[in-house]
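*Asks:* The numbering of the sequence shown is the UniProt record's numbering, which starts it at 1 and goes up by one.
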Amino acid sequence: MTLKIDSVTIIFNVADIERTRAFYGQHLGIQFEHHSEEDDSTYLSTKISKEVDLMVFPGTPKPGNTPNIVFGLSEGGIDTLIEQLAADNIEIVTPVSEAPGGWFADFRDPDGQTISLYQSGNMPRTQA
């Protein structure tokens with residue numbers, strides 16, 4: 001079974017979110033939207049193109065683990081895909097978990113890189 005991927009999100013973990021906002025704005029002309037969640041978490045986001053988003057979260061940058069590439073599942077089915085990957089002996093790093101506005105999961109590709117999946121919360125988590 002193949003699910004449709006319709007977007008890519010690049011996620012950076014940064015030590016200082018405001019310093020990052022200023023740097024990208026000043027040097028690359030990238031303007032971020034600031035988001036604050038009910039749980040007091042905060043992050044920045046912007047659309048680079050129709051299919052590519054850039055998000056910045058406060059946290060400890062881990063060279064080699066950030067930025068993180070996230071593939072968006074346009075039709076849902078994240079549970080089904082993660083089950084299929086696990087059945088194919090692919091390492092699941094983070095099982096399907098809640099994320100802002102939906103669900104995410106992480107797995108390792110053949111080179112050991114962590115790849116993430118995301119789907120909107122209004123899409124079905126399983127596919128036939």
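All C-beta atoms, glycine included, are put in the ideal place defined by N, C-alpha and C. Being a predicted model, the structure only gives us computed values, none of them experimental.
What span of residues does the alpha helix (DSSP H) with T80 cover, start to end?
*Replies:* From DSSP, the alpha helix (DSSP H) with T80 extends over 78 to 87.
*Asks:* Run through the DSSP bridge pairs and tell me what L117 is partnered with.
*Replies:* According to DSSP, which records beta bridges pairwise, L117 is partnered with F71, A105.
*Asks:* Determine the contact status of E75 and M123, defining contact as a CB-CB distance below 8 Å.
*Replies:* The answer is yes: Cβ separation under 8 Å.
*Asks:* Does T42 come out as helix, strand or coil in the three-state DSSP assignment?
*Replies:* In this structure, T42 counts as strand in the three-state DSSP scheme.
*Asks:* From what residue to what residue does the alpha helix (DSSP H) around I10 run?
*Replies:* Looking at the DSSP string, I10 is not in any alpha helix (DSSP H); the run it does join, the beta strand (DSSP E), is 5 to 14.
*Asks:* Does the separation of the CB atoms of residue 148 and T20 fall below 8 Å?
*Replies:* One cannot answer for residue 148 here, as it falls past the ends of the chain, which runs 1 to 128.
*Asks:* DSSP has L54 in a bridge; who is on the other side?
*Replies:* BP columns for L54 point to I10, T46.
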